[in-house]
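Presented below is the structure to which this report refers.
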Ligand code: ATP
Ligand code: MG
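Numbering (my numbering), first residue to last: 15 to 573.
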């Protein structure tokens, strides 16, 4: 991890292969040296961290080359799409820090134009209406090593095709009874070129066009033509579309329109999670998680609720770069990026997650001292705050051992520790519950000369502990999130199992902690470093009466 460079150095990294293509095009004055990219989500689910990579890449290139980036909804499948998804996608892109300005488009805006393009192909004898069922079409498609069989409807005349296609549009035929297919080559070694379907009949209400249409273009027929209409210069997509590229180019060439260039890169795969929208939807619908924005989800809204910042995600996207071959990125790299960002930004506070009471026997009763604590040692401008200190405090149960090994530098009978921003204390004795043997009180003495400003304030002891004053501490619900799956690649399920068999049963633990009173009025989404523990954020459910914090990440990698 040491070689991960700071923000400034990153702009000097060598060009990735997409930037090389673009710079080559700029040098050769391709497309009048314009750079115009797009992010084309299908509004059939919430965006995930993989989409974030694509957003950062497309909008990042637009920015870097003083070009433009469109947001385009690829909304060609009315059955699975919804405005809820459209809204969430726009929110997520904005939150990540990108701006499509006035360039918000929908493939459905082009339905009429796409229909006209289909007519062009029919008139050229390059498309025909086929009456075979979906099963028959797939059965006659052949295999990569065996050519497909030509449809008996392939030789229909142009006039008959024009008439049938217009009657398909007019709603005269039931769903699935006819399709429009391209007439290319049933023996092509590329299966995508074996007379692919361009239009299907679907009597379904579209979230934008309502019931205007009952035929809908297939993804392949809509995508490239939409790129062309928007005069996209570099159409960047994931590797699985590489085999679609000849088809992408074929449509553009045969229709005779402006030709964008499709470039493929490797999709982001992340360990210990799943990224397919279908699977994420399943987790939500089956209530395996509490919703799309459950802080364990790899969705952008889940990461946001978890406490991730846009900067950390952009930095992550930049760090992983773009590859031409599929790979899996370790989720600990994402965790590294949020730690790095929150280390700079998050205020430190004291919170005791598993408290045990400490009584300082020689400290005066009824006195409260205001201790001064630094909010962020990485950022002086964050200033200082006051922390109440009194005779009874809480420390972590784990920070005490009755019979410790030599290397234990925390509290133990007869040993001294420093209380962060306060005094050095020494353990004198413990009180146990006679029934359970559990320690209920740790009795200590303090050295009054050891707080800041006193003669022995610099006296060294081996350990420093965080603490909260018992009387002043505020209780808070803490949601300790962990990885959603316990298997590195949940998609790679054993025989007879599915990814859901690898859900981590300990992905959420609820505890009640004692936190310092300064956070009583903490706002939703505020981020803190709980000293010595980790980074936490105020959850959406939090109120001043019932504080709720989510753990973003532990302070140190624990895996
Ligand atoms: P899923 O497979 O999860 O359903 P998708 O690719 O069908 O995702 P789209 O809405 O079509 O989802 O994706 C929008 C854009 O985001 C596409 O250009 C797609 O290539 C890109 N994208 C999707 N998943 C990833 C990923 N894991 N890494 C990088 N880019 C991705
Ligand atoms: Mg897709």
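By construction, the Cβ of each residue, glycine as well, lies at the ideal position given by its N, Cα and C atoms.
According to the DSSP assignment, residue 260 belongs to the alpha helix (DSSP H) that extends over 259 to 269.
A residue is called buried once 16 or more other Cβ atoms fall within 10 Å of its Cβ, and residue 38, having fewer, is exposed. Shown here, residue 329 sits in a helix according to DSSP, grouped into three states. For residue 65, the shortest C-beta to heavy atom distance toward ligand 1 is below 6 Å. Annotated three-state conformation of residue 211 is strand, per DSSP. Linking residue 538 to residue 247 through their CA atoms gives a straight-line distance of about 41 Å. Annotated as proximal: residue 564 and residue 553, with beta-carbon spacing under 7 Å. Judged by beta-carbon spacing, residue 212 lies within the 7 Å limit of residue 196, meaning their Cβ atoms are closer than that value. Here DSSP, grouped into helix, strand and coil, assigns residue 46 to helix.
Taken from the Cβ of residue 462, every heavy atom of ligand 1 lies 6 Å or farther away. The beta carbon of residue 55 sits closer than 6 Å to at least one heavy atom of ligand 1. Around the beta carbon of residue 468, a 10 Å sphere encloses fewer than 16 other beta carbons of the protein chains shown; the residue is thus reported as exposed. Going by DSSP, residue 563 is part of the beta strand (DSSP E) stretching over 561 to 568. Non-local beta-carbon contacts of residue 353 in its own chain, meaning distances under 8 Å to residues more than five positions away in sequence, involve 549, 567, 569 in chain order. With a threshold of 6 Å, the Cβ atom of residue 194 does not count as near ligand 1, since no heavy atom of the ligand is closer than that. Listed as beta-bridge partners of residue 248 by DSSP are 275.
When secondary structure is reduced to three states using DSSP, residue 365 falls in the strand class. Residue 198 has its alpha-carbon roughly 7 Å from the corresponding atom of residue 140.
The secondary-structure analysis by DSSP pairs residue 230 across a beta bridge with 214. Residue 522 and residue 495 have their alpha carbons spaced roughly 5 Å apart.
Just so you know, the alpha carbons of residue 203 and residue 179 end up roughly 28 Å apart. DSSP places residue 74 in the helix class (H, G or I) of the three-state scheme.
Contact between residue 288 and residue 504 holds: CB atoms are separated by about 5 Å, below the 8 Å threshold.
The Cβ atoms of residue 430 and residue 482 lie no closer than 7 Å to each other. Comparing alpha-carbon positions, the option among 32, 223, 65, 83 lying closest to residue 51 turns out to be 83. Per DSSP, reduced to three states, the secondary structure at residue 224 is strand. Burial check for residue 276: the Cβ neighbour count within 10 Å reaches 16 or more, so the residue is buried. The beta carbons of residue 221 and residue 95 sit about 6 Å from each other, so the pair counts as a contact at 8 Å.
C-alpha of residue 425 to C-alpha of residue 380: approximately 25 Å in a straight line. Residue pairing by DSSP places residue 483 opposite 407 in a beta bridge. A direct Cα-Cα distance of roughly 44 Å separates residue 255 from residue 556. Around the C-beta of residue 171, fewer than 16 other C-beta atoms lie within 10 Å, and the residue is accordingly described as exposed.
Residue state for residue 281 is assigned as coil, using DSSP reduced to three classes.
Annotated three-state conformation of residue 543 is strand, per DSSP.
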